[in-house]
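Under my numbering, think of the first position of the sequence shown as 1394, with each following residue one higher. Just so it is clear, CB atoms sit at the ideal spot from N, CA and C, and this is done for glycine as well. Being a predicted model, the structure only gives us computed values, none of them experimental. One structure below.
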Amino acid sequence: MNDFLVMSLAGATALTTMLGGFLALSLKRRVAMVLGFSAGAVLGVAFFDLAPEAWRLGEKSFGTGGVVIAGLAGFFLYGLFDR
């Protein structure tokens, strides 16, 4: 990679991070809602990205029911630890 591209990407990253910070500061009254949305979005993306591969790999070892039970148990434990 050339130096200009690297510096441009670093500058764009810094700029978008600052814009996100200014947006967060302007939404002080709704910060709980914004944080809830962002946490849900991260969990949803992680689940829909990882679930098909886990399903495919887990069916060989545990069967379909084992994969579903493991997923539900993990979700339950996450909710328990989050409280």
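* Could you tell me whether any non-hydrogen atom of the ligand GDP is closer than 7 Å to the CB of residue 1433? => Judged by which ligands are present, the structure shown has none, so any question about the ligand GDP falls away.
* **alpha helix (DSSP H) segment containing residue 1473, residue limits** => 1456-1475
* Asked: Does the beta-carbon distance from residue 1460 to residue 1448 come in below 8 Å?
  -> yes
* **Contact under 8 Å by Cβ, residue 1420 with residue 1427** => yes
* Reducing DSSP to helix, strand and coil, say where residue 1420 ends up. => coil
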